[in-house]
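For reference, the structure discussed in these notes is given below.
Numbering (the UniProt record's numbering), first residue to last: 1 to 498.
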C-alpha cells in the first residue's frame with residue numbers, strides 16, 4: 001500500500017508514538033518533551049492537510065485489519081472524518097502550547113503529556129473509524145486516557161471528580177458495547193455509510209432496530225452531555241485548564257456528538273431514522289438540554305462551572321442540527337461542531353489565564369480585569385459574543401443555519417428554542433463582560449502571580465489569541481471555499497444528500 005493509502009494510520013501513529021516516548025522521558029527533560037509534543041502536533045496537521053486534499057478529490061484512503069472473521073478494525077478518511085480530525089489537530093497544537101505554559105514548574109509533566117497525547121490519538125481514532133467496532137475501541141480508550149488527566153492534581157476533590165467521570169462514561173460505554181454487539185449479531189460488520197442493509201433489517205425487525213438505535217445513542221449521549229447524563233461535565237472542572245479545554249472543545253463531548261452523527265447518518269440513515277420516529281424524541285431532548293444548560297449556567301458563580309453548563313447547552317446545538325430533516329439544519333449542526341470548539345477553547349484558555357495570573361476563579365472577582373489583562377479579556381469577549389450568536393463571530397453562522405434549517409424542515413418551534421437559548425446566553429455572558437470592562441477593581445487580586453507586563457505569560461496568551469482570531473475568521477470568511485461552512489456543505493452534498 002502506498003504512503004497516501006496509509007495516511008489514516010500515520011495520523012493515528014503520530015500521537016501514539018509521541019505518547020510512548022513521552023511516558024519514557026525523565027521528568028527533568030522539559031525541553032525535549034515540549035519539542036516532541038509540538039513536532040508531533042505540527043506533523044499531524046500536515047498529514048491531515050494531505051488527507052483533506054485527497055478527500056476533496058473524492059478519494060477515500062482506508063486501512064483495514066481483520067481481527068476475526070466478520071470483525072475488522074478499519075480506519076477511513078471521509079469528509080465527515082476530516083471535519084472532526086481537522087478540528088482536533090488544530091486545537092491539539094493550540095492546547096499543547098497552552099499546556100506547556102500552564103504546567104511550567106508543575107510535577108508529573110511526563111505523565112500528563114503522555115496521557116494528553118494518548119487522548120488525542122483516541123480522538124483521531126474516533127474520527128477516522130470506518131465502522132462501529134473501530135469506533136467503540138477508540139471511544140473506550142478515550143475514557144481511559146482522559147481519566148488520569150481529570151485526576152492529575154491528585155487532590156481529594158479531583159479524585160472524587162474522577163470517580164464521577166468514570167461512573168458516567170464507563171456506564172455509557174457498557175450501554176454502547178451492548179448496542180454494538182446487538183448490531184453485529186443482527187446486521188453484521190458494515191462500514192459507515194452502508195445504510196441500505198440497516199433499512200432492510202428494520203423492515204423485518206423494527207423492534208430490534210429501535211432497541212439498537214436507543215442503545216447506541218444512549219451510550220454516546222453520556223459523553224455528549226445530553227440531559228440527564230451531563231452531571232460528570234461540571235464536576236470535572238476541578239481539572240487543570242488545558243484538560244477542561246480538551247474535554248469541552250477537542251475530545252470528549254465532541255466524540256459523543258460525533259458518534260451521534262455517525263449513528264443517525266451513517267448507520268441508520270436520516271430518512272430511515274425519521275420514518276421510524278427515532279429522531280424527533282432526540283430533537284426534543286436536545287432542545288430541552290439547550291435550554292436547561294443555559295439556565296443552569298446562569299445560576300453559576302464559578303467561571304469554569306458557568307462555562308461547563310454552557311457546553312452542556314452548546315453541544316446540544318450539534319445534536320439538534322443533525323436531527324432536523326433537511327440539509328440546511330444538518331449544515332448548521334455540523335459546522336457548530338467546529339465553531340463551538342474554537343469559541344469554547346478560547347473561553348477556557350482565558351479562564352485559565354485569569355486563574356493562573358490573578359488567582360481569579362469566581363465571576364465577582366473579574367471586576368476591572370479588562371484593564372489588567374486587556375488581550376486575554378478581548379479574547380474572552382470574542383468567545384462570549386460568539387456563544388451568544390452575535391456576528392461576525394462564528395456562532396452566528398451556526399445559529400443562522402440552525403434557524404433556517406428548522407424553518408425549511410417545518411419545525412418552527414425550534415426557532416423559539418434558539419431565541420430562548422440566545423437570550424439566556426446573553427444573560428450569563430453580558431454581565432461578565434460588563435464586570436471585565438466597566439466595573440473598577442475591588443481591592444487586591446486574589447493571587448497575582450505574573451507582573452512582568454500587563455497581561456499574562458506569552459505561552460498562555462498566544463493560544464487564546466489564535467483561537468479567538470480563528471473564531472472571528474470562521475464567521476467573517478464563512479463564504480470562502482476554505483471555511484468550515486464550505487466543508488460542512490460538502491459533507492451534506494456528498495454523503496447525506498446523494
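Yeah, the Cβ is synthetic: ideal placement off N, Cα and C, and Gly gets one too.
No experiment lies behind these values; they were computed from the predicted model shown.
{"query": "Residue 362 bridges to which residues according to DSSP?", "result": "302"}
{"query": "Compare the Cα-Cα distances from residue 51 to each of 29, 88, 11 and report the closest residue.", "result": "11"}
{"query": "Locate the beta strand (DSSP E) running through residue 471, then write down its first and last residues.", "result": "Where residue 471 is concerned, there is no enclosing beta strand (DSSP E), although the alpha helix (DSSP H) it sits in stretches over 458-476."}
{"query": "In angstroms, rounded to a whole number, what distance separates the CA positions of residue 186 and residue 198?", "result": "10 Å"}
{"query": "Please classify residue 62 as buried or exposed, where buried requires at least 16 other C-beta atoms within 10 Å of its C-beta.", "result": "buried"}
{"query": "Start and end of the beta strand (DSSP E) containing residue 67?", "result": "62-68"}
{"query": "Starting from the N-terminal side, write out each stretch of the alpha helix (DSSP H) that is 4 residues or longer and does not extend beyond the region 19-107.", "result": "30-56, 79-102"}
{"query": "Applying the criterion that 16 or more other CB atoms from any shown protein chain within 10 Å of the CB defines a buried residue, is residue 24 buried or exposed?", "result": "exposed"}
{"query": "By how many angstroms is the C-alpha of residue 27 removed from the C-alpha of residue 74?", "result": "36 Å"}
{"query": "Between the region 243-262 and the region 366-379, do three or more beta carbon pairs fall short of 8 Å?", "result": "no"}
{"query": "With three or more beta-carbon pairs closer than 8 Å as the criterion, would you say the region 78-89 touches the region 337-347?", "result": "yes"}
{"query": "Can you give me the C-alpha to C-alpha distance between residue 411 and residue 227, rounded to a whole angstrom?", "result": "21 Å"}
{"query": "Cutting at 8 Å between CB atoms, please list the residues of its own chain near residue 291, excluding the five before and the five after it.", "result": "313, 417, 420, 421, 424"}
{"query": "Between the alpha carbons of residue 474 and residue 237, how many angstroms are there, rounded?", "result": "27 Å"}
{"query": "If contacts are defined as beta-carbon pairs under 8 Å, then residue 499 and residue 358 qualify, I think. What distance do you get, rounded to the angstrom?", "result": "Residue 499 lies beyond the stretch modelled for the chain, which goes from 1 to 498, so this question has no answer here."}
{"query": "Look at residue 409 and residue 325 and say whether their C-beta atoms are less than 7 Å apart.", "result": "yes"}
{"query": "Would residue 334 and residue 478 qualify as a contact pair, given that the criterion is a beta-carbon distance under 7 Å?", "result": "no"}
{"query": "Quick check: the Cα distance between residue 41 and residue 17, rounded to an integer number of angstroms?", "result": "12 Å"}
{"query": "With residue 297 and residue 257 assumed to form a contact (beta carbons below 8 Å), what rounded beta-carbon distance in angstroms separates them?", "result": "Going by Cβ atoms, the distance from residue 297 to residue 257 rounds to 18 Å, so no, they are not a contact pair."}
{"query": "Which whole-angstrom value is the C-beta distance of residue 166 and residue 139, which I expect to be below 8 Å?", "result": "14 Å between Cβ atoms; not a contact."}
{"query": "Taking 7 Å as the limit between beta carbons, can you name the residues of its chain near residue 328, skipping five residues before and five after?", "result": "401, 404, 405, 408"}
{"query": "Return helix, strand or coil for residue 425, following the three-state DSSP convention.", "result": "helix"}
{"query": "With a 10 Å radius around its C-beta and 16 neighbouring C-beta atoms as the bar for buried, classify residue 347 as buried or exposed.", "result": "buried"}
{"query": "Are the region 356-373 and the region 389-396 touching by the rule of at least three beta carbon pairs closer than 8 Å?", "result": "no"}
{"query": "Just reading off the alpha helix (DSSP H) that residue 242 is part of, what are its end residues?", "result": "241-245"}
{"query": "Assuming contact is defined by CB atoms lying nearer than 7 Å, are residue 149 and residue 178 in contact in what I supplied?", "result": "no"}
{"query": "So which of 107, 218, 461, 53 has the shortest CA-CA distance to residue 374?", "result": "461"}
{"query": "Assuming residue 227 is part of the alpha helix (DSSP H), what are its boundary residues?", "result": "Taken as a continuous stretch (DSSP letters only), residue 227 belongs to no alpha helix (DSSP H), as it is neither H nor E."}
{"query": "Give me the Cα-Cα distance between residue 125 and residue 306, rounded to the nearest whole angstrom.", "result": "30 Å"}
{"query": "What is the DSSP secondary structure of residue 129, reduced to helix, strand or coil?", "result": "strand"}
{"query": "Please report how far the alpha carbon of residue 332 lies from the alpha carbon of residue 320, in whole angstroms.", "result": "9 Å"}
{"query": "Grab me the residues of residue 309's own chain with a C-beta within less than 7 Å of its C-beta, minus the 5 sequence neighbours each way, in chain order.", "result": "234, 293, 296, 297, 300"}
{"query": "Assuming the contact rule is C-beta atoms closer than 8 Å, residue 264 and residue 323 should be a hit. Round their C-beta distance to whole Å, please.", "result": "7 Å"}
{"query": "With three or more C-beta pairs closer than 8 Å as the rule, is the region 198-208 touching the region 111-128?", "result": "no"}
{"query": "Please report how far the alpha carbon of residue 432 lies from the alpha carbon of residue 161, in whole angstroms.", "result": "26 Å"}
{"query": "Which of helix, strand or coil does DSSP assign to residue 308?", "result": "helix"}
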